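One structure below.
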Amino acid sequence: MRPAARVQAAIEILDAVIASAREGGAPADALIRDYFRSRRYAGSKDRRAVRGLVYDAIRRHGDMPASGRAAMLGLAQDDPELAAQFDGSEHGPAPIAPDEPILEASNAPQWVKPLASNLVGDNDWPSFNQRAPLDLRVNLARTDREAMVSAFEGAELTPFSPMGLRLPTDSRVDDHAAYQDGLVEVQDEASQLVAMACRPATGQRIVDFCAGAGGKSLALAALAPEARIIAADTDKRRLSALGPRAERAGAAIETRLMNQPNELAAFEDGIGRFDTVLVDAPCSGSGTWRRSPELRWRLNPERLERLVGLQRDILDKAAQLVRPGGTLVYAVCSIIEREGAAQAADFESRHSGWMVQDALDVGRSDGPGRLLTPAHDGTDGFFIASWRKG
Ligand SMILES: C[S@@+](CC[C@H](N)C(=O)[O-])C[C@H]1O[C@@H](n2cnc3c(N)ncnc32)[C@H](O)[C@@H]1O
């Protein structure tokens, strides 16, 4: 493909990404794959170049552009070589009209900024346009960090998590023997810290109430291989992805599929009996925007409202599983106050007898919990709170 045709392809894919973000449809990765499935003439270099253009355009615009062309014109604003491809050639984009509006670069949707925690400052926002390094969690149940740091080129120790390694952006690990043998997992340092905030110990009964594909459950199992860990979720597809991961890691984790709105029916034997319950709640994902910049286009006020209600409902249910003297940990990969500090404070106002406890000594104190942000802590953005049941 000629360079101009690659730009036109990126514009067409971005149109599909925008439509899909509006409708809650397939993510950009899937749309890129679909696009090339019917265009066999595109070689691997073409595909890589188009993909790069699509993601650069997404990353540059915190607010969703009106069209793929608007997104690509914005990107061309910083790149004269790219601007020159708007040449009106046969498979290329039409020339740039003199009065065509050009979008300013932005790092987050404008409507979200006033909703962020007060701790999120001017130095935090630009981090959402930057690319994140790749963090690994070493499976301490089977090896140690020192052995693994030398097994991965360019790896450094993460500063806060004693089980983390940090690799350069774009590192690939899935074909590495240590990954295939279950000695490491891909996991951001903040997520590792969430598992640590649970302080898992031998003999404890622990529920990961929003386990998804089990990232936190696996970290809990690595920290306390003799604990009994139950991974629960309402999403069968996600939960079923845990089996092969647990097998690879050599971890024994029980799974329970729950049905909304009767999630606790899966725990009839366990109300008020668990030592620790972790709620890694569904959220905006705003803390992960540097890894998944497209999520910025998928969030809207109605969706945020629904998520805040869901978090509240899940917290109220999960709290019922905790035994007296046990621990409830609430975490969201979000920098939005309503999902973090305000949600935790709201939980406290509805329930008496829960004593807030220090979840971590990392990040900054934010209401009843702690907030980590990319600029301040070098991790994904996360809010984490922990309570002891009186
Ligand atoms: C942030 S994700 C969890 C990520 C996971 N803990 C990990 O570390 O990979 C939130 C999860 O909550 C689940 N969820 C949604 N509604 C739920 C509900 N009512 N009860 C429990 N889990 C729910 C979603 O299916 C999703 O897997």
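Letter 50 of the sequence shown, counting from 1, is numbered 50 in UniProt numbering, and no numbers are missing. Glycine included, each C-beta is placed from N, C-alpha and C at the ideal position. Since the model is a prediction, treat every value here as computed from it, not as a measurement.
{"Query": "Test item, CB below 7 Å from any non-hydrogen atom of ligand 1", "Result": "S191, D208, F209, C210, A211, G212, A213, G214, G215, K216, A232, D233, T234, D235, R238, M258, Q260, E263, D280, A281, P282, C283, L310, D313, I314 and C333"}
{"Query": "Cβ pair count under 8 Å reaching 3, the stretch 140 to 153 against the stretch 254 to 271", "Result": "no"}
{"Query": "Per-residue burial, E35 [other beta carbons within 10 Å of its own, 16 or more giving buried]", "Result": "It should be noted that the sequence gives Tyr, not Glu, for residue 35. Under this definition Y35 is a buried residue."}
{"Query": "Sub-7 Å separation of L140 and A222 beta-carbons", "Result": "yes"}
{"Query": "Status (buried if at least 16 other CB within 10 Å, exposed otherwise) for H61", "Result": "buried"}
{"Query": "Among F86, S44, E12 and V54, the one whose alpha carbon lies nearest that of A4", "Result": "F86"}
{"Query": "Completely contained alpha helix (DSSP H) runs for the stretch 153 to 227, where each covers 4 or more residues", "Result": "177 to 180, 189 to 197 and 215 to 223"}
{"Query": "Own chain partners of A195 with C-beta closer than 7 Å, once the 5 adjacent residues on each side are dropped", "Result": "K216, A219, L220 and L223"}
{"Query": "Residue nearest to A265 in terms of C-alpha spacing, selected from W289, T234, I206 and L307", "Result": "T234"}
{"Query": "Own chain residues within Cβ distance below 8 Å of L295, not counting five before or after", "Result": "S284, G285, S286, T288 and W289"}
{"Query": "Check whether A42 and L14 have beta carbons under 7 Å apart", "Result": "no"}
{"Query": "Close-in-space but distant-in-sequence residues of the same chain around A249 (CB under 8 Å, 5 per side omitted)", "Result": "N139, A141, R142, G182, E185, L218, A221 and A222"}
{"Query": "Three-state secondary structure (DSSP) of P65", "Result": "coil"}
{"Query": "Counted within 10 angstroms of its Cβ, other Cβ atoms place R306 as buried (16 or more) or exposed", "Result": "exposed"}
{"Query": "The stretch 301 to 317 / the stretch 337 to 355 touching (three or more Cβ pairs under 8 Å)", "Result": "yes"}
{"Query": "Min CB distance E156 to chain D below 7 Å", "Result": "No chain D is present in this structure, which holds just one protein chain."}
{"Query": "Beta-carbon contacts of G88 that lie in its chain and below 8 Å, excluding the five residues immediately before and after", "Result": "A94 and P95"}
{"Query": "Contact check, V322 vs F274, beta carbons under 7 Å", "Result": "yes"}
{"Query": "Alpha-carbon to alpha-carbon, I229 and V329", "Result": "15 Å"}
{"Query": "Whole-angstrom C-beta distance between L119 and A70, which should lie under 8 Å", "Result": "That belief does not hold up - the Cβ atoms of A70 and L119 are roughly 33 Å apart, past 8 Å."}
{"Query": "Length of the line joining the Cα atoms of I271 and L304", "Result": "30 Å"}
{"Query": "Exposed unless 16 or more other CB atoms sit within 10 angstroms - verdict on M72", "Result": "buried"}
{"Query": "At least three beta-carbon pairs within less than 8 Å, the stretch 109 to 117 to the stretch 152 to 161", "Result": "no"}
{"Query": "Buried versus exposed, by CB contacts within 10 Å (16 or more), M1", "Result": "buried"}
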